[in-house]
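Student: Numbering (the working numbering), first residue to last: 6 to 145. Pasting a structure below so you can have a look.
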């Protein structure tokens, strides 16, 4: 007989459709236990970004959680991240239980990774270009 196990799945990712290279943005996601057992162990969620038409991947952060999740329960999370230094179309990749700390069984481990819709990374605005137009010296 199979032992009931938890099964963590990223059920949603909310990211702005445009972010600015090198600037902060908020990423929200939801993790749901779609397994048959209550999750009582801590786990980590890992966030990275991958290029859509360019082969690159950039690690953005790892976030621990120790919330107890009964079957069907979810946890909503929001983190402020820094966009990668690129101007490209990317997808945000979120992997729950990224360190495989939770025993989910073979079928539970293959559904831990989810990608966002396409996000456009924009170039930051240029810095101000200040030009001196007049110099007035104090009277001597």
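Ideal Cβ placement from N, Cα and C applies to all residues, glycine included.
What does the Cβ neighbour count give for residue 140, buried or exposed, with the cut at 16 atoms within 10 Å?
Tutor: exposed
Student: Compare the Cα-Cα distances from residue 62 to each of 50, 35 and 98 and report the closest residue.
Tutor: 98
Student: Do you know offhand how far residue 46's Cα is from residue 72's?
Tutor: 8 Å
Student: Identify the continuous beta strand (DSSP E) that holds residue 110 and give its terminal residues.
Tutor: From DSSP, residue 110 is part of no beta strand (DSSP E) but of the alpha helix (DSSP H) over 110–114.
Student: If the criterion is Cβ atoms closer than 8 Å, does the pair residue 43 and residue 74 meet it?
Tutor: Cβ atoms of residue 43 and residue 74: closer than 8 Å.
Student: Secondary structure at residue 7, three-state DSSP: helix, strand or coil?
Tutor: coil
Student: Kindly indicate which three-state DSSP category residue 38 falls into: helix, strand or coil?
Tutor: strand
Student: Do the CB positions of residue 77 and residue 38 come within less than 8 Å of each other?
Tutor: With contacts defined as CB atoms closer than 8 Å, residue 77 and residue 38 qualify as a contacting pair.
Student: Alpha carbon to alpha carbon, how far is residue 48 from residue 34?
Tutor: 15 Å
Student: Output the distance between the C-alpha atoms of residue 7 and residue 51, rounded to the nearest integer angstrom.
Tutor: Inter-residue distance for residue 7 and residue 51 is about 29 Å (C-alpha atoms, whole angstroms).
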